[in-house]
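If you read the first sequence in my numbering, its first letter stands for residue 1, the second for the next number, and so on. By construction, the Cβ of each residue, glycine as well, lies at the ideal position given by its N, Cα and C atoms. Remember, predicted model here, so these are calculated numbers, not experimental data. Okay, structure first, notes after.
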Amino acid sequence: MIDVRLVRDDPERVKAALARRGVAPEDVDAVARLDAEHRGALARQETLRARVKALSREVGEARRAGDADRAAELADESRRVGEEEKAAAQEVDGLAADLRALLLATPNLPADDAPDGAGPEDNVALRRWWPGQDDGAPEPVAAGHQRVPHWEVGSALGILDMPRGARLAGSMFPLYRGDGSRLVRALTSLALSRHADAYEEIRPPTLVLTDTMVSTGHLPKFADEAYHIERDDLWAIPTSEVPLTSMHRGEILEEADLPVRLTAVSQCFRREAGAAGRETRGLLRVHEFEKVELFAYATPAQAPSLHADILARAEGLLRELGLPYRVVDLCTGDLGASAARTFDLEVYAPGSDQWLEVSSVSWFRDYQARRANVRFRPADGGPPVLVNTLNGSALAWSRVWAALVEWGRQPDGTVRLPDALSPWLGPEPTIGPR
RNA sequence: GGAGAGGUGCCAGAGUGGCCGAAUGGGGCGCCCUGCUAAGGCGUUGCACUCUUACGGGUGCCGUGGGUUCAAAUCCCACCCUCUCCGCCA
């Protein structure tokens, strides 16, 4: 949620910033108008309320003084004012709800240095990396034996069983088997151990309350994208960013304790409503996947270096895994609603012949913290200030799994995996036919 | 799931429907005293919204949400959470 005060004090700046991501200026005007109406109504209601309280106090005083007539008279007047106050309060509540709904639907202001653009086609590819690049190796060209999509490799080796996953849960719910399953586990272990130096490991709940989903901005706008368990009114998290953002919800942290750095592994659930066809084969797009997340609560001053740290760690893992990737700076038109700046990491998968998004590293400024009400008390003792939140995947395993299997496929059909996974899969890890 | 107890400020812990944003103690912070330390003395100690150029006001918050009342931490209802016992269970 953006700061309504900013709309109040500098509407032109908000309009200019939001125009970069396609929000009409009238929408900002509507917020400003509703805010003014709300405050006017609030002032009226509070004045009436103060009058009721003053009269009530006088009733008590008159009673104690033994003046029953005077007391009855004052009580009558207080009742009358109370009726007015009740009506005024209703108006205030209505306006407040409207204002909140509008603010929740308003996206974050993009960072000044986020590139302008209307959609994915305007994203800026910042850099590419591939194994051996530093030593002058040319960008790799996939050989014929690597041009086999992972769903074919997976079923040939018996490590990925999409048909049986579909039997259990419907399409787009993968079922990993044998070494395929071990590979997922190894990737999680690798990532968590790499982040353990600075990030506290968390195992959050996978099902959360509505408030928790609202804090990150996943509700109310993207309700169709999430699985909802109606009977208990719980939501399946689309990413552990959701529970991590709410971990300190409503708290006032000490500046000395910042940054708070967290890492978590969780299952992630996405309905992917409307998605079907070529883009969804195999593991390209699934309803459930496992992901290791990096997350930080920070002061505004700390935020940029943490954004860089999370990105560097995600890239570091891809380099260890030897997967060619590119870093994409999302343009204002493609930025998620809550984010001010986002870098996507995309891995090239030769068999699927696609760049696959395996991480999204975002800086939210105080947009999420305002919803979640997470603040810190400055070391100099001033009033509490909203924290900044940042997060990024490091990494999402379904697509990494796909890319590893495709790049690793040998002419004989076996799959050679990176040595970084040896601690969990043994020396020179290779997946052969069962 | 059943029975019982309880949820008050940073912590502990009082609280009769009006004089309670809340006693008291501890902690924190500031000052004083003491050569230093300990002890002691004095003071101070929430968050949010809102009005005002400012000084300074107003409103809300005693688990959450409703209700009763001229007036609610205090009475009523619902829900949530914690604890104890029982049941069930990986």
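Less than 9 Å separating the beta-carbons of residue i and residue j?
i, j, result
"D257", "F173", "no"
"I252", "I431", "no"
"L262", "M247", "yes"
"G392", "I310", "yes"
"E241", "A396", "no"
"V361", "H307", "yes"
"W151", "E139", "no"
"V400", "V347", "yes"
"D179", "L390", "no"
"V4", "Q45", "no"
"K221", "L104", "yes"
"A88", "A41", "yes"
"L244", "E201", "no"
"L317", "S398", "no"
"W363", "A198", "no"
"R231", "A114", "no"
"E77", "L55", "yes"
"I237", "T206", "yes"
Can you list, in chain order, the residues of its chain with a C-beta nearer than 7 Å to that of residue i? Leave out the 5 residues immediately preceding and following it.
i, result
"E37", "L95"
"A156", "G413"
"Q146", "P350, G351, E406, W407, R409"
"L421", "A186, L190, P429"
Please work out which residues of its chain come closer than 8 Å, Cβ to Cβ, to residue i, disregarding the five sequence neighbours upstream and downstream, and give them in chain order.
i, result
"R271", "D224, E225, A226, Y227, H287"
"G119", "C331, G333, D334"
"R185", "W424"
For residue i, count the other beta carbons within 10 Å of its own beta carbon; 16 or more makes it buried, fewer makes it exposed. Which is it?
i, result
"G250", "exposed"
"D9", "exposed"
"A43", "exposed"
"S359", "buried"
"Q90", "exposed"
"I229", "exposed"
"E279", "exposed"
"E254", "exposed"
"P107", "buried"
"E12", "exposed"
"S215", "buried"
"D366", "buried"
Tell me where the alpha helix (DSSP H) around residue i begins and ends.
i, result
"D27", "25 to 64"
"I310", "303 to 320"
"K86", "68 to 104"
"L283", "Neither: L283 is in no alpha helix (DSSP H) and is coded neither H nor E."
"Q368", "367 to 372"
"G154", "150 to 157"
"V7", "4 to 9"
"V405", "397 to 408"
"A236", "Note, A236: premise wrong, no alpha helix (DSSP H); beta strand (DSSP E) at 234 to 236."
"A191", "178 to 195"
"A111", "No alpha helix (DSSP H) holds A111; DSSP gives it neither H nor E."
"V141", "Element bounds for V141: n/a, residue is neither H nor E."
"G165", "162 to 169"
"E241", "241 to 246"
Considering only residues of the same chain and omitting the five flanking positions on each side of residue i, which have a CB-CB separation below 6 Å?
i, result
"P418", "L321, G322"
"L109", "A17"
"R128", "R326"
"D161", "L175, R177"
"A125", "R326, V328"
"E357", "D344, E346"
"V415", "V405, G408, R409, I431"
"G154", "L160"
Can you give me the start and stop residues for the beta strand (DSSP E) that residue i sits inside?
i, result
"K291", "288 to 298"
"L126", "124 to 129"
"V327", "325 to 329"
"V265", "260 to 269"
"L356", "354 to 363"
"D211", "Here D211 belongs to no beta strand (DSSP E); instead the alpha helix (DSSP H) covers 210 to 216."
"L335", "It is not in any beta strand (DSSP E) - L335 carries neither H nor E in the DSSP assignment."
"R375", "375 to 377"
"L253", "252 to 254"
"V347", "341 to 349"
"E200", "200 to 202"
Could you check whether the Cβ of residue i sits closer than 8 Å to any heavy atom belonging to the ligand ADP?
i, result
"R285", "Although the ligand ADP was asked about, the structure shown includes no ligands whatsoever."
Touching or not, the region 314 to 327 and the region 91 to 101, by the rule of three or more beta carbon pairs under 8 Å?
-> Output reads no: the region 91 to 101 does not touch the region 314 to 327.
Is the region 81 to 89 in contact with the region 337 to 356, if contact means three or more CB pairs nearer than 8 Å?
-> Short answer: they don't touch.
Touching by the beta-carbon criterion (3+ pairs, under 8 Å), the region 346 to 359 and the region 187 to 196 | Cβ pair count under 8 Å is below three, so no.
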